[in-house]
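Colleague:
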Amino acid sequence: MRKALTTILIFWALSAVCAQVSGFPKNLGVGSLPLWGAPAVIQTDSMAYVVIGSTDESLYCYDITGSSHSGFPIALPGPVRAKVALEPDSAFTAVFAITTNGYLCRVNAYTDSASVLFSHNLGSSANYISPVLSDIDRNGDLELFAAVDTTLFCYSTAGDYEWSAEFYSSTGSAVATPAVGDIDGDGYDEIVVEGYEALFAFEHDGTPVDSFPVELDESRRFSYSSPLLWDYDNDGKMEIFCGAHGVVGSELGLVIRFDADSLSDYITIYAVPGAYGTWVYSSPALGDANGDYNYDMSFGSITGHVFSIIGSGAVASFGGAAMHMPMGHIYGGMILCDINQTPGPEFIFQMSEEEENSAYMIAMEPSAPYIEGFPDTIDEDNSGILTPIVFEWGESTYISAVTGDGELYLWAVPAKPLPGHSCWKELYGDRWNRGLALPYAPTLQVEEQDTGQYLVSWTQSDCSEFDAYRIYVSSDSAASSCSLLASFDDTAETSYIYESSEPAESIWFFVLVEDFLERTSLRSIPKSPRDTAGIAEVKYLPVASRLKIYPNPFNSVCDVSIKGAEFIEVLSIDGRLLRTIKLNGNSASFKAENLSSGILVFRARDSVGRVLSVEKAVLVR
Numbered sequence: 002m003r004k005a006l007t008t009i010l011i012f013w014a015l016s017a018v019c020a021q022v023s024g025f026p027k028n029l030g031v032g033s034l035p036l037w038g039a040p041a042v043i044q045t046d047s048m049a050y051v052v053i054g055s056t057d058e059s060l061y062c063y064d065i066t067g068s069s070h071s072g073f074p075i076a077l078p079g080p081v082r083a084k085v086a087l088e089p090d091s092a093f094t095a096v097f098a099i100t101t102n103g104y105l106c107r108v109n110a111y112t113d114s115a116s117v118l119f120s121h122n123l124g125s126s127a128n129y130i131s132p133v134l135s136d137i138d139r140n141g142d143l144e145l146f147a148a149v150d151t152t153l154f155c156y157s158t159a160g161d162y163e164w165s166a167e168f169y170s171s172t173g174s175a176v177a178t179p180a181v182g183d184i185d186g187d188g189y190d191e192i193v194v195e196g197y198e199a200l201f202a203f204e205h206d207g208t209p210v211d212s213f214p215v216e217l218d219e220s221r222r223f224s225y226s227s228p229l230l231w232d233y234d235n236d237g238k239m240e241i242f243c244g245a246h247g248v249v250g251s252e253l254g255l256v257i258r259f260d261a262d263s264l265s266d267y268i269t270i271y272a273v274p275g276a277y278g279t280w281v282y283s284s285p286a287l288g289d290a291n292g293d294y295n296y297d298m299s300f301g302s303i304t305g306h307v308f309s310i311i312g313s314g315a316v317a318s319f320g321g322a323a324m325h326m327p328m329g330h331i332y333g334g335m336i337l338c339d340i341n342q343t344p345g346p347e348f349i350f351q352m353s354e355e356e357e358n359s360a361y362m363i364a365m366e367p368s369a370p371y372i373e374g375f376p377d378t379i380d381e382d383n384s385g386i387l388t389p390i391v392f393e394w395g396e397s398t399y400i401s402a403v404t405g406d407g408e409l410y411l412w413a414v415p416a417k418p419l420p421g422h423s424c425w426k427e428l429y430g431d432r433w434n435r436g437l438a439l440p441y442a443p444t445l446q447v448e449e450q451d452t453g454q455y456l457v458s459w460t461q462s463d464c465s466e467f468d469a470y471r472i473y474v475s476s477d478s479a480a481s482s483c484s485l486l487a488s489f490d491d492t493a494e495t496s497y498i499y500e501s502s503e504p505a506e507s508i509w510f511f512v513l514v515e516d517f518l519e520r521t522s523l524r525s526i527p528k529s530p531r532d533t534a535g536i537a538e539v540k541y542l543p544v545a546s547r548l549k550i551y552p553n554p555f556n557s558v559c560d561v562s563i564k565g566a567e568f569i570e571v572l573s574i575d576g577r578l579l580r581t582i583k584l585n586g587n588s589a590s591f592k593a594e595n596l597s598s599g600i601l602v603f604r605a606r607d608s609v610g611r612v613l614s615v616e617k618a619v620l621v622r
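Residue numbers (the working numbering): 2 to 622.
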């Protein structure tokens, strides 16, 4: 146990406005191919840099003031259409890129210069495939992976060849960046690669994993969406989630799950509703979208819908099947991050409006309202599979994105995310799809031992990628202002004694699991000494007995009632927010003026925005 000696106070503003950073956008050169991919970020002790390759066969690097880093742009042996990977080091950062014509390159970005260390020609085609860095054999050294043509290559980070493995694809190449994680629970990571019609997995030495490859049936194909490896059922083995599409009928977008205990088979867990061609190009992202302290999986479709589902495929409890954005198409990946200092993440993504030659940077709550300053319109003549990046620097949060025309943008929010609601950045290069074994939040207990003295204890995380705990105290369960009490490097230490003269009912604790790059899990369910059950008893899932709608079906007016709610949102069946009802006590009347017949979704929220109950009603005109 440790006793609190000092308290480090961390306060966040209740609201913040996001705006473009002066000095941006920066015009990158582009060749005959539009730029796809995403920026990456290098952070040193003194500055943060945005680095990105372009189709003019160059690598660019700008600091957050808009100044080009010394030695950049630097020439590469071919165009780059995918995100680079980064290896941080005390003296320099190694930047790894794959060119569209099959070169694997390493650029050393020194503090005062840059140079190309190696360029290996591995084949002829890697159009949108990022390199992957991982200690796949867990020996303390990173391996470098590149999928070029239909071969997966493994190199050392110094450029030494280690092994290669063959796969097949009717497109002549992988259709998305590979992912790494322990899918069979043997203690070593595996690497997963998508061909167009089959999924491949290889051991750390390049031999195929048992039961692989797994072929899709004739009606399905993968959709250029990188696989997500996620132990959604918390059994120590990661399941594989992939974006896909049908190739007959309406070509609906699909989400497919390969279970750890039956990797030779797959389950279609979600079909994107909508018109012809709702392919899922968007790589899935994880975050707690519905306020139940568990991960949800979110992604976009090319019809401009945003979806959030749980690992079984059921729609997350925030309500409707989608939040419709009629402006355009979502090709790139989602980011889930808190940028407005309220509990829970926002959806951050790029959307292309091809008919108008414009694009949008969008940040919105899971319940659909936009964050102030968004959507922000940017000019774009060429769209593509483009994904933003979010990072923290100093006391601000930054969003960076690039257009297909090579315009590099940067936005800033003058505040940092609340603890446990930061964005998830992947190890070794800020890639979003490597498939980390994300830790579940520990279970927390609080015991009042003596007057003003509290024993805080929590369960131990078994995630191998994490090596510390952080414990916080807050004046409320939402953590609108909180203090970092301690960070434990010894993960065997799972208790803490806190002393305070504050009233016990105004003290709330929560714990985060932390990795060596200071990234954290979801926070544990906050607990108070005077209410040890706390909000753990509140289940933010649809419960029929809690939200009452009468009559149902109704013609033009209905009554709604629920205890403990502050307001009720009314959504269309496709997730568009139609009305907000302020409750008078526990009830209110809803008048459906100007609404057409159909199914409406009623979603009740409490005073801090948590979802209490979701119900449907039928409007009949």
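A virtual CB, placed ideally from N, CA and C, is assigned to each residue, including glycine. Here the structure is a predicted model, which is why all the values come from computation and not from measurement.
#1: Using three-state DSSP, classify glutamate 355 as helix, strand or coil.
#2: Could you give the first and the last residue of the continuous beta strand (DSSP E) run that contains tryptophan 231?
#3: Let me know if glutamine 450 comes out buried or exposed under the rule of 16 or more other beta-carbons within 10 Å of its beta-carbon.
#4: Using a Cβ-Cβ cut-off of 7 Å (strictly less than) and excluding sequence neighbours within five positions of leucine 6, which residues of its own chain qualify?
#5: Would you mind working out which of Val391, Trp231, Asp468 sits nearest asparagine 295, comparing C-alpha positions?
#6: Quick test of your reading: glycine 334 and serine 284, contact by CB under 8 Å. State the CB separation rounded to the nearest angstrom.
#7: Quick one: is the Cβ of tyrosine 162 within less than 6 Å of any heavy atom of the ligand SAM?
#8: State the CB to CB distance for the pair tyrosine 455 and tyrosine 499, rounded to an integer number of angstroms; the pair is presumed to be in contact (CB under 8 Å).
#9: Assuming threonine 398 contacts proline 418 (C-beta within less than 8 Å), just tell me the rounded distance between them.
#10: Quick check on valine 403: buried or exposed, where buried means 16 or more other Cβ atoms within 10 Å of its Cβ?
#11: Hey, would you say alanine 290 sits closer than 7 Å to serine 302, going by beta carbons?
#12: Counting only the same chain and skipping the five closest in sequence on each side, list residues whose C-beta sits under 7 Å from that of aspartate 607.
#13: Is isoleucine 137 near valine 181, with beta carbons less than 7 Å apart?
#14: Give me the Cα-Cα distance between arginine 524 and serine 501, rounded to the nearest whole angstrom.
#15: Could you check whether proline 420 and tyrosine 473 sit closer than 7 Å to each other, using their CB atoms as the reference points?
#16: Can you tell me whether serine 507 is helix, strand or coil according to DSSP?
#17: By the three-class DSSP mapping on this structure, what secondary structure does aspartate 262 have?
#18: Let me confirm a value: arginine 258 is counted as buried when at least 16 other C-beta atoms fall within 10 Å, else exposed. Which label applies?
#19: Look up isoleucine 569 in the DSSP assignment and say whether it is helix, strand or coil.
#20: For the beta strand (DSSP E) that glutamine 446 lies in, which residues bound it at each end?
#21: For glutamine 21, does the three-state DSSP call read helix, strand or coil?
#22: What did DSSP end up calling leucine 584 once you bin it into helix, strand or coil?
#23: Do glutamate 204 and leucine 219 have their beta-carbon atoms positioned less than 7 Å apart in this structure?
#24: Can you tell me which of Gly312, Leu287, Val18 puts its alpha carbon nearest to the alpha carbon of aspartate 260?
#25: Could you spell out where the beta strand (DSSP E) holding asparagine 109 opens and where it closes?
#26: By DSSP, does alanine 416 sit in helix, in strand, or in coil?
#27: What residues in its chain sit with their C-beta under 6 Å from that of glutamate 538, if we drop five residues either side in the sequence?
#28: So does the region 233-248 actually touch the region 352-361, counting three or more Cβ pairs closer than 8 Å?
#29: Report the CB separation of valine 561 from phenylalanine 591 in whole angstroms; it is logged as a contact under 8 Å.
#30: Measuring straight from C-alpha to C-alpha, what distance separates glycine 79 and aspartate 206?
#31: According to DSSP, simplified to helix, strand and coil, what is asparagine 553?
#32: Decide if the region 25-39 is in contact with the region 385-393; the criterion is three or more beta carbon pairs, one per stretch, under 8 Å apart.
#33: Taking the alpha-carbon of methionine 48 as reference, which of Ile526, Ile130, Glu503, Tyr111 has the nearest alpha-carbon?
#34: Could you check whether the Cβ of glycine 250 sits closer than 7 Å to any Cβ belonging to chain D?
#35: Express the C-alpha separation of aspartate 382 and asparagine 358 in angstroms, rounding to a whole number.
#36: For glycine 599, count the other beta carbons within 10 Å of its own beta carbon; 16 or more makes it buried, fewer makes it exposed. Which is it?
Modeller: Checking against the coordinates, here is how it stands:
#1: Reading the sequence shown from its first residue, position 354 is the one you call residue 355. It is helical.
#2: As a first step, residue 231 must be located in the sequence shown, where it is residue number 230. If you look at tryptophan 231, you'll find it in the beta strand (DSSP E) that goes 229-231.
#3: Position 449 of the sequence shown, counting from 1, holds the residue named residue 450. Glutamine 450 should be labelled exposed.
#4: Within the sequence shown, numbered from 1, the residue matching residue 6 stands at position 5. A caution first: leucine 6 carries a pLDDT of 27, below 50, which makes its placement in the model too unreliable to give a value.
#5: The residue given as residue 295 occupies position 294 in the sequence shown. With distances taken between CA atoms, asparagine 295 lies nearest to Trp231 out of Val391, Trp231, Asp468.
#6: As a position in the sequence shown, residue 334 is number 333, starting the count at 1. As a position in the sequence shown, residue 284 is number 283, starting the count at 1. About 4 Å; that satisfies the 8 Å criterion.
#7: The ligand SAM is absent from the structure shown, which contains no ligand whatsoever.
#8: The residue given as residue 455 occupies position 454 in the sequence shown. The residue given as residue 499 occupies position 498 in the sequence shown. Between the beta-carbon of tyrosine 455 and that of tyrosine 499 there is about 5 Å, and that keeps the pair under the 8 Å contact cut.
#9: To locate residue 398, count along the sequence shown from 1; it is residue 397. To locate residue 418, count along the sequence shown from 1; it is residue 417. Contact between threonine 398 and proline 418 holds, since their C-beta atoms are separated by about 6 Å, short of 8 Å.
#10: Here residue 403 refers to the residue found at position 402 when the sequence shown is read from its first residue. Burial state of valine 403 is buried, judged by a 10 Å Cβ sphere holding 16 or more other Cβ atoms.
#11: Position 289 of the sequence shown, counted from the first residue, corresponds to residue 290. Position 301 of the sequence shown, counted from the first residue, corresponds to residue 302. Cβ atoms of alanine 290 and serine 302: not closer than 7 Å.
#12: Residue 607 sits at position 606 when you count from the first residue of the sequence shown. Gly565, Ala566, Glu567, Leu613, listed in sequence order.
#13: For the purposes of this step, residue 137 is identified with residue 136 of the sequence shown, where counting begins at 1. For the purposes of this step, residue 181 is identified with residue 180 of the sequence shown, where counting begins at 1. Yes. Within cutoff.
#14: Residue numbering aside, residue 524 sits at position 523 when the sequence shown is read from its first letter. Residue numbering aside, residue 501 sits at position 500 when the sequence shown is read from its first letter. Near 22 Å, if we compare the C-alpha coordinates of serine 501 and arginine 524.
#15: As a working mapping, residue 473 is identified with position 472 in the sequence shown. As a working mapping, residue 420 is identified with position 419 in the sequence shown. Yes, Cβ-Cβ distance for tyrosine 473 and proline 420 is below 7 Å.
#16: Translated into positions along the sequence shown, residue 507 becomes position 506. In this structure, serine 507 counts as helix in the three-state DSSP scheme.
#17: Counting from 1 along the sequence shown, the entry for residue 262 is found at position 261. Aspartate 262 falls in the helix class under three-state DSSP.
#18: For the purposes of this step, residue 258 is taken as the residue at position 257 of the sequence shown. Buried, since its Cβ has 16 or more Cβ neighbours within 10 Å.
#19: Residue numbering aside, residue 569 sits at position 568 when the sequence shown is read from its first letter. For isoleucine 569, the secondary structure class from DSSP, reduced to helix, strand or coil, is strand.
#20: For the purposes of this step, residue 446 is taken as residue 445 along the sequence shown, with counting starting at 1. From DSSP, the beta strand (DSSP E) with glutamine 446 extends over 445-451.
#21: On the sequence shown, residue 21 is found 20 positions in, with the first residue counted as 1. In the structure shown, the three-state DSSP call for glutamine 21 is strand.
#22: Here residue 584 is taken as the residue at index 583 of the sequence shown, counted from 1. If DSSP states are grouped into helix, strand and coil, leucine 584 belongs with coil.
#23: Position 218 of the sequence shown holds residue 219. Position 203 of the sequence shown holds residue 204. Checking the displayed sequence, the identity of residue 219 turns out to be glutamate instead of leucine. Not a contact, by the Cβ cut-off of 7 Å.
#24: As a position in the sequence shown, residue 260 is number 259, starting the count at 1. Per the Cα distances, Gly312.
#25: For the purposes of this step, residue 109 is identified with residue 108 of the sequence shown, where counting begins at 1. Counting along the chain, the beta strand (DSSP E) containing asparagine 109 begins and ends at 104-111.
#26: The residue given as residue 416 occupies position 415 in the sequence shown. Alanine 416: coil per DSSP, three-state reduction.
#27: Residue numbering aside, residue 538 sits at position 537 when the sequence shown is read from its first letter. Low confidence applies here, because glutamate 538 scores a pLDDT of 36, under 50, leaving its location unreliable; read the following figure in that light. Answer for glutamate 538: no residue qualifies.
#28: They do not touch, by the three-pair rule.
#29: Taking the first residue of the sequence shown as position 1, residue 561 is located at position 560. Taking the first residue of the sequence shown as position 1, residue 591 is located at position 590. Between valine 561 and phenylalanine 591 a beta carbon distance of about 6 Å is seen, short of the 8 Å cut, so the two are scored as contacting.
#30: On the sequence shown, residue 79 is found 78 positions in, with the first residue counted as 1. On the sequence shown, residue 206 is found 205 positions in, with the first residue counted as 1. Cα to Cα, the separation comes out at about 29 Å.
#31: Locating residue 553 in the sequence shown gives position 552, where the first residue counts as 1. Coil.
#32: The region 25-39 is in contact with the region 385-393.
#33: Here residue 48 refers to the residue found at position 47 of the sequence shown. Looking from the CA of methionine 48, the closest CA among Ile526, Ile130, Glu503, Tyr111 belongs to Tyr111.
#34: Among the protein chains of the structure shown there is no chain D, as only one such chain exists.
#35: Translated into positions along the sequence shown, residue 358 becomes position 357. Translated into positions along the sequence shown, residue 382 becomes position 381. Between asparagine 358 and aspartate 382, the C-alpha separation is close to 5 Å.
#36: By 1-based counting over the sequence shown, the position of residue 599 is 598. Counting of Cβ neighbours within 10 angstroms places glycine 599 among the exposed residues, the total staying below 16.
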